[in-house]
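Residue numbers (the numbering used here), protein chains in the order written: chain P, 1 to 235; chain Y, 236 to 470; chain B, 471 to 705; chain R, 706 to 940. Take a look at the structure below.
Protein chains: 4
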Amino acid sequence: MDTDLTAGLDELVLANRILAFEGQGDRTSGHISWRDPKGRGLWIKRARIGMDEVVRRQDVHLIDFDGKLIEGTGQQHYEWPIHAEIMRSRPDVHAVGHTHAFYSQIFASTDEPLRPVGKEGVWFDDPPKFQETCSLIRTPALGKRLAKKLGSNDAVFLMSHGVAFVGTNVRECTLVGIYLEAAVRAQITIAMTGYKTKVPKKADALAKRAQTRTESGINNYWDYLARKLAEEAKA
Amino acid sequence: MDTDLTAGLDELVLANRILAFEGQGDRTSGHISWRDPKGRGLWIKRARIGMDEVVRRQDVHLIDFDGKLIEGTGQQHYEWPIHAEIMRSRPDVHAVGHTHAFYSQIFASTDEPLRPVGKEGVWFDDPPKFQETCSLIRTPALGKRLAKKLGSNDAVFLMSHGVAFVGTNVRECTLVGIYLEAAVRAQITIAMTGYKTKVPKKADALAKRAQTRTESGINNYWDYLARKLAEEAKA
Amino acid sequence: MDTDLTAGLDELVLANRILAFEGQGDRTSGHISWRDPKGRGLWIKRARIGMDEVVRRQDVHLIDFDGKLIEGTGQQHYEWPIHAEIMRSRPDVHAVGHTHAFYSQIFASTDEPLRPVGKEGVWFDDPPKFQETCSLIRTPALGKRLAKKLGSNDAVFLMSHGVAFVGTNVRECTLVGIYLEAAVRAQITIAMTGYKTKVPKKADALAKRAQTRTESGINNYWDYLARKLAEEAKA
Amino acid sequence: MDTDLTAGLDELVLANRILAFEGQGDRTSGHISWRDPKGRGLWIKRARIGMDEVVRRQDVHLIDFDGKLIEGTGQQHYEWPIHAEIMRSRPDVHAVGHTHAFYSQIFASTDEPLRPVGKEGVWFDDPPKFQETCSLIRTPALGKRLAKKLGSNDAVFLMSHGVAFVGTNVRECTLVGIYLEAAVRAQITIAMTGYKTKVPKKADALAKRAQTRTESGINNYWDYLARKLAEEAKA
Numbered sequence: 001m002d003t004d005l006t007a008g009l010d011e012l013v014l015a016n017r018i019l020a021f022e023g024q025g026d027r028t029s030g031h032i033s034w035r036d037p038k039g040r041g042l043w044i045k046r047a048r049i050g051m052d053e054v055v056r057r058q059d060v061h062l063i064d065f066d067g068k069l070i071e072g073t074g075q076q077h078y079e080w081p082i083h084a085e086i087m088r089s090r091p092d093v094h095a096v097g098h099t100h101a102f103y104s105q106i107f108a109s110t111d112e113p114l115r116p117v118g119k120e121g122v123w124f125d126d127p128p129k130f131q132e133t134c135s136l137i138r139t140p141a142l143g144k145r146l147a148k149k150l151g152s153n154d155a156v157f158l159m160s161h162g163v164a165f166v167g168t169n170v171r172e173c174t175l176v177g178i179y180l181e182a183a184v185r186a187q188i189t190i191a192m193t194g195y196k197t198k199v200p201k202k203a204d205a206l207a208k209r210a211q212t213r214t215e216s217g218i219n220n221y222w223d224y225l226a227r228k229l230a231e232e233a234k235a
Numbered sequence: 236m237d238t239d240l241t242a243g244l245d246e247l248v249l250a251n252r253i254l255a256f257e258g259q260g261d262r263t264s265g266h267i268s269w270r271d272p273k274g275r276g277l278w279i280k281r282a283r284i285g286m287d288e289v290v291r292r293q294d295v296h297l298i299d300f301d302g303k304l305i306e307g308t309g310q311q312h313y314e315w316p317i318h319a320e321i322m323r324s325r326p327d328v329h330a331v332g333h334t335h336a337f338y339s340q341i342f343a344s345t346d347e348p349l350r351p352v353g354k355e356g357v358w359f360d361d362p363p364k365f366q367e368t369c370s371l372i373r374t375p376a377l378g379k380r381l382a383k384k385l386g387s388n389d390a391v392f393l394m395s396h397g398v399a400f401v402g403t404n405v406r407e408c409t410l411v412g413i414y415l416e417a418a419v420r421a422q423i424t425i426a427m428t429g430y431k432t433k434v435p436k437k438a439d440a441l442a443k444r445a446q447t448r449t450e451s452g453i454n455n456y457w458d459y460l461a462r463k464l465a466e467e468a469k470a
Numbered sequence: 471m472d473t474d475l476t477a478g479l480d481e482l483v484l485a486n487r488i489l490a491f492e493g494q495g496d497r498t499s500g501h502i503s504w505r506d507p508k509g510r511g512l513w514i515k516r517a518r519i520g521m522d523e524v525v526r527r528q529d530v531h532l533i534d535f536d537g538k539l540i541e542g543t544g545q546q547h548y549e550w551p552i553h554a555e556i557m558r559s560r561p562d563v564h565a566v567g568h569t570h571a572f573y574s575q576i577f578a579s580t581d582e583p584l585r586p587v588g589k590e591g592v593w594f595d596d597p598p599k600f601q602e603t604c605s606l607i608r609t610p611a612l613g614k615r616l617a618k619k620l621g622s623n624d625a626v627f628l629m630s631h632g633v634a635f636v637g638t639n640v641r642e643c644t645l646v647g648i649y650l651e652a653a654v655r656a657q658i659t660i661a662m663t664g665y666k667t668k669v670p671k672k673a674d675a676l677a678k679r680a681q682t683r684t685e686s687g688i689n690n691y692w693d694y695l696a697r698k699l700a701e702e703a704k705a
Numbered sequence: 706m707d708t709d710l711t712a713g714l715d716e717l718v719l720a721n722r723i724l725a726f727e728g729q730g731d732r733t734s735g736h737i738s739w740r741d742p743k744g745r746g747l748w749i750k751r752a753r754i755g756m757d758e759v760v761r762r763q764d765v766h767l768i769d770f771d772g773k774l775i776e777g778t779g780q781q782h783y784e785w786p787i788h789a790e791i792m793r794s795r796p797d798v799h800a801v802g803h804t805h806a807f808y809s810q811i812f813a814s815t816d817e818p819l820r821p822v823g824k825e826g827v828w829f830d831d832p833p834k835f836q837e838t839c840s841l842i843r844t845p846a847l848g849k850r851l852a853k854k855l856g857s858n859d860a861v862f863l864m865s866h867g868v869a870f871v872g873t874n875v876r877e878c879t880l881v882g883i884y885l886e887a888a889v890r891a892q893i894t895i896a897m898t899g900y901k902t903k904v905p906k907k908a909d910a911l912a913k914r915a916q917t918r919t920e921s922g923i924n925n926y927w928d929y930l931a932r933k934l935a936e937e938a939k940a
């Protein structure tokens with residue numbers, strides 16, 4: 001294995017544990033993938049273990065865009081088409097996450113727009129909601145429809161199911177998933193009060209997005225989370 | 236003891252700790268039972284210890300369907316008729332759980348139908364609510380009435396009390412209890428916002444149920460939870 | 471020290487830690503008292519330590535009903551009149567608790583009756599609300615007014631402050647505080663949904679209270695909590 | 706370093722960890738500053754570490770009121786103007802905190818007044834809300850506008866961003882941040898029920914504030930929190 005691949009896989013392994021640390025694990029459900037740098041397909045954790053249990057490179061494997069195992073061992077996740085079809089339709093995307101994050105999941109049953117009432121909300125335009133079915137995305141056909149609903153957005157909510165989110169790399173994708181869940185939680189919590197809320201004007205929100213959704217900002221949070229996980233592993 | 240019995244009891248012991256791990260324990264309240272494979276009655280934990288404290292086969296005992304202790308030691312739970320009467324009226328049921336799970340408990344005071352706004356909701360038709368009394372189910376007569384209310388359903392909510400749930404085996408029963416609480420929590424949380432919600436069409440929900448309520452799906456989650464408990468015990 | 475006194479003090483020490491374990495601690499605020507068996511006054515923890523830090527008999531001291539230190543060391547809590555005046559007016563009461571339990575505290579700002587939507591609610595008639603002031607109860611005069619508002623009830627909510635609760639002994643008092651907070655949390659949580667709720671008829675609720683508010687029921691829960699604290703101390 | 710400076714820095718280091726312990730950390734975001742006793746500027750933690758990771762004097766550095774590094778190492782937080790401009794405009798203020806505390810953050814999007822429904826609410830008059838922008842406060846110009854909005858108050862909410870709070874010293878500032886978040890949480894939680902609430906009359910609330918916002922009261926809580934952190938560090 002070359003050095004770039006090794007480093008990328010180590011990052012993917014960590015991304016799984018970070019999502020779990022942030023409360024997005026659902027036992028053995030939830031996964032995040034990385035586009036193979038050699039164009040062979042995508043790296044993703046094997047089925048039957050939780051995101052918190054992904055601790056070494058052997059816990060992820062390489063599948064092609066038709067779901068065939070290319071490198072590594074273990075059973076593929078049924079929902080590999082989420083990753084494959086989004087990557088097929090979005091050359092800019094190099095990482096895809098899918099979890100059952102609680103607030104994102106229940107928000108998917110509504111037609112409410114996402115509004116930036118929390119600091120994390122400014123990262124997003126209003127992500128679409130995939131509501132034609134609550135089925136597992138087990139077929140390329142269904143994956144394609146989900147990818148179409150996602151369009152050029154960062155994320156798509158899945159009714160009675162969960163959420164999928166993307167990034168130009170694994171770190172960004174991970175933070176997008178974390179920020180989206182926080183943004184939805186903020187909106188849902190204040191909505192419970194019935195209080196009228198105001199949100200930043202579009203230009204103001206976009207300016208804040210430019211300030212915070214930066215490589216260095218993402219790296220600061222990523223490195224912090226990596227340190228927390230390292231401490232936890234030692235304890 | 237024969238091997239099947241031993242393995243079944245080990246599973247029942249673990250089921251108690253899994254329900255506690257999932258937050259369904261209420262100090263020494265809450266219990267799950269297993270139909271004796273020899274037809275003598277049911278195995279259930281003894282009273283006065285919490286579900287999290289069930290760690291060895293000696294922590295469960297065998298009672299007959301009249302509540303008489305057949306094998307093992309310790310005091311019977313007052314509410315053994317929940318288990319005995321449900322098993323009597325439902326030959327298909329081989330495991331029964333009863334807990335005070337928070338969301339299920341408060342949902343029992345409403346006449347709201349359960350709707351699948353969360354991914355777990357698709358496992359259920361709308362379970363009935365037992366609201367004629369909040370009494371402990373300490374008599375066969377009351378147990379029979381609860382069993383009648385349950386009918387052919389997976390679960391029954393008990394007003395100002397808790398919830399009872401069943402399965403064709405201990406693993407399924409445990410997961411039914413966990414999924415039901417998650418489904419109710421999802422519905423209650425989004426209801427707090429006042430947002431309009433949509434849910435999958437019946438056929439779509441049933442298809443998802445068929446996809447996820449499978450032996451292998453249940454085993455994946457069960458095995459994951461068993462690993463978490465083993466780690467916790469080591470720490 | 472005689473054996474009864476020693477055992478009683480050990481129980482009081484544990485009661486402080488149990489209330490903290492149940493989430494009712496508020497840094498160094500919150501306390502529970504025990505009527506001296508020799509009629510000299512009441513035993514209560516010293517100020518400046520949290521309920522979770524009460525680990526030995528020396529952490530509690532004896533004051534008379536005028537707040538004078540009789541035995542032991544440390545500074546008295548400013549709010550000793552809560553305990554002294556309630557005990558003066560209620561010979562049946564041998565233990566008094568005062569905490570800032572979150573749900574009980576915010577419920578004190580409403581005029582809503584407490585209704586038994588949760589299993590814990592059946593323990594209570596609708597406890598009164600002390601809303602004439604949010605002041606600390608630092609004077610016998612104010613203590614007397616609080617005791618008057620309490621009347622013959624189990625508990626009294628204090629607006630923008632917290633809650634006080636009583637028992638015929640330390641164990642009962644501790645469980646009353648825990649049950650009350652759980653009962654209020656259940657009512658508040660379901661109220662957030664706007665769902666219509668029904669509650670047991672009075673006779674049914676009273677019958678359930680008789681079934682669960684028993685010496686053996688209280689001891690089961692107390693002993694369980696004592697074991698959890700012992701485990702925690704070992705870890 | 707002289708003794709006063711050393712003691713002050715140790716206190717500042719601890720204040721960071723206390724705010725994190727109280728749940729106000731947001732990965733590497735959130736900071737609290739201390740006015741240099743020699744008038745050279747302000748001490749604040751360096752960027753890229755979380756408040757929970759501030760463990761030694763070297764983790765904080767001295768910047769002047771123009772953001773220039775005077776003593777110590779590490780990168781300055783972008784939002785140093787929050788601290789510098791508030792201190793410039795408020796000679797009485799010797800400590801400034803800024804966090805993304807959840808309830809304070811979402812409350813910033815409303816025009817609701819803060820009402821003392823919880824015990825912590827009596828510490829505050831209704832703090833202003835800074836809603837002209839959700840931008841990071843990276844320039845002295847923006848810092849001046851925030852300071853103007855703060856005026857002579859204890860705190861200011863920042864729409865889609867967080868909260869800033871002040872004190873005459875580090876301990877008071879820390880407790881102000883903790884009390885404010887608790888006060889907002891209490892108001893938001895009871896608001897979710899739709900119950901009508903009453904609050905203490907102004908004079909009564911002010912009297913309670915005088916009773917509880919005292920040096921000894923603050924020290925009691927501070928010392929308690931310091932002990933909890935010391936225990937945690939040992940474990």
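Yeah, the Cβ is synthetic: ideal placement off N, Cα and C, and Gly gets one too.
Practice item. Using a Cβ-Cβ cut-off of less than 7 angstroms, give me the residues of the segment 158-188 of chain P that come near chain Y, in sequence order. Key: Those would be 159, 160, 161, 162, 188, in chain order.
Check your understanding: Mind checking residue 899/R: buried by the 16 CB within 10 Å criterion, or exposed?
Key -> That one is exposed.
Practice item. With 8 angstroms as the threshold, decide whether the Cβ of residue 136/P is near any Cβ in chain Y. Key: Yes, because at least one Cβ of chain Y sits closer than 8 angstroms to the Cβ of residue 136/P.
Exercise for review: Tell whether a beta-carbon distance below 8 angstroms holds between residue 257/Y and residue 406/Y.
Suggested key: For the 8 angstroms CB-CB criterion, residue 257/Y and residue 406/Y do not form a contact.
**Study point:** Classification of residue 649/R by the beta-carbon crowding that lies within 10 angstroms, buried from 16 upward
**Key:** An answer regarding residue 649/R cannot be provided, because it is not within the stretch 706 to 940 covered by chain R.
Practice item. Ignore the nearest five residues each way along the sequence and tell me which others in residue 924/R's own chain have a CB closer than 8 angstroms to its CB. Key: Within the same chain, residue 924/R has close Cβ partners 876.
**Study point:** Interface residues of the segment 96-126 of chain P facing chain Y [CB-CB below 9 angstroms]
**Key:** Within the segment 96-126 of chain P, the qualifying residues are 100, 102, 103, 105, 106, 107, 108, 109, 110, 111, 112.
Check your understanding: Going by other Cβ atoms of all chains shown within 10 Å of its Cβ, with 16 needed for buried, is residue 499/B buried or exposed?
Key -> Counting Cβ neighbours within 10 Å, residue 499/B comes out buried, since at least 16 surround it.
Practice item. Check whether the Cβ atoms of residue 254/Y and residue 268/Y lie closer than 8 angstroms to each other. Key: Taking 8 angstroms as the Cβ cut-off, residue 254/Y and residue 268/Y do not qualify as a contacting pair.
Review point. How long is the line joining the alpha carbons of residue 321/Y and residue 604/B, rounded to whole angstroms?
Key: Straight through space, the alpha carbons of residue 604/B and residue 321/Y are spaced by roughly 51 angstroms.
**Study point:** C-beta contact flag for residue 217/P and residue 459/Y at 8 angstroms
**Key:** It is not a contact, given that the beta carbons lie outside the stated cut-off.
Review point. Is DSSP giving residue 101/P helix, strand or coil here?
Key: Three-state DSSP puts residue 101/P in coil, outside helix and strand.
Review point. Three or more beta-carbon pairs under 8 angstroms between the segment 671-688 of chain B and the segment 625-635 of chain B, yes or no?
Key: No: fewer than three Cβ pairs fall under 8 angstroms.
Review point. Taking the continuous beta strand (DSSP E) assigned at residue 155/P, which residues delimit it?
Key: Residues 155-158.
Review point. Using a beta-carbon distance below 8 angstroms, is residue 733/R in contact with chain P?
Key: Taking Cβ atoms only, chain P reaches closer than 8 angstroms to residue 733/R, which makes this a yes.
Practice item. Please check if any C-beta of chain B sits within less than 8 angstroms of the C-beta of residue 729/R. Key: Residue 729/R does not count as touching chain B.
Point to revise | Residue-chain proximity (residue 432/Y, chain B), Cβ-Cβ < 8 angstroms | key: At a cut-off of 8 angstroms between beta-carbon atoms, residue 432/Y makes no contact with chain B.
Review point. How big is the Cα-Cα spacing for residue 542/B and residue 477/B?
Key: Looking at the backbone, the Cα of residue 542/B and that of residue 477/B are separated by about 16 angstroms.
Review point. Closest Cβ-Cβ distance between residue 435/Y and chain P: below 8 angstroms?
Key: For residue 435/Y, the answer is yes, since a Cβ of chain P falls inside 8 angstroms of its Cβ.
Point to revise | Closest Cα partner of residue 868/R within the set 893/R, 834/R, 890/R | key: The option with the nearest alpha carbon to residue 868/R is 834/R.
**Study point:** Continuous beta strand (DSSP E) assignments of at least 3 residues falling wholly in the segment 474-534 of chain B
**Key:** With a minimum length of 3 residues, the continuous beta strand (DSSP E) runs that stay inside the segment 474-534 of chain B are 501-505, 512-515, 530-533.
Check your understanding: Is the Cβ of residue 133/P closer than 8 angstroms to any Cβ of chain Y?
Key -> Judged by the 8 angstroms Cβ criterion, residue 133/P is in contact with chain Y.
**Study point:** residue 341/Y versus residue 704/B: straight-line alpha-carbon distance, rounded
**Key:** Roughly 35 angstroms between the two C-alpha positions.
Practice item. Determine, using beta-carbon pairs with one atom in the segment 171-186 of chain P and one in the segment 109-120 of chain P, whether at least three such pairs fall under 8 angstroms. Key: Cβ pair count under 8 angstroms is three or more, so yes.
**Study point:** For residue 709/R, the nearest candidate out of 765/R, 764/R, 767/R, 741/R (CA to CA)
**Key:** Ranking 765/R, 764/R, 767/R, 741/R by CA distance to the CA of residue 709/R puts 741/R first.
Practice item. Taking 8 angstroms as the cut-off, decide whether the C-beta atoms of residue 530/B and residue 514/B are in contact. Key: The answer is yes: Cβ separation under 8 angstroms.
Check your understanding: Of the choices 646/B, 487/B, 572/B, whose alpha-carbon is the least far from that of residue 701/B?
Key -> Taking only the C-alpha atoms, the option nearest residue 701/B is 487/B.
**Study point:** 8 angstroms Cβ cutoff met for residue 93/P and residue 168/P
**Key:** It is a contact, given that the beta carbons lie within the stated cut-off.
Check your understanding: Helix, strand or coil: which one does DSSP assign to residue 429/Y?
Key -> DSSP, read as helix, strand or coil, puts residue 429/Y in coil.
Review point. Can you give the beta carbon distance from residue 494/B to residue 569/B, rounded, assuming they're within the 8 angstroms contact cut?
Key: Confirmed, Cβ separation roughly 4 angstroms.
**Study point:** Chain-order list of residues whose beta-carbon lies under 6 angstroms from that of residue 679/B (same chain, five-residue window excluded)
**Key:** For residue 679/B, where only same-chain residues beyond five positions count, the Cβ hits under 6 angstroms are 592, 593.
Point to revise | DSSP-derived helix/strand/coil call for residue 356/Y | key: Assignment of residue 356/Y by DSSP, reduced to helix, strand and coil, places it in the helix class.
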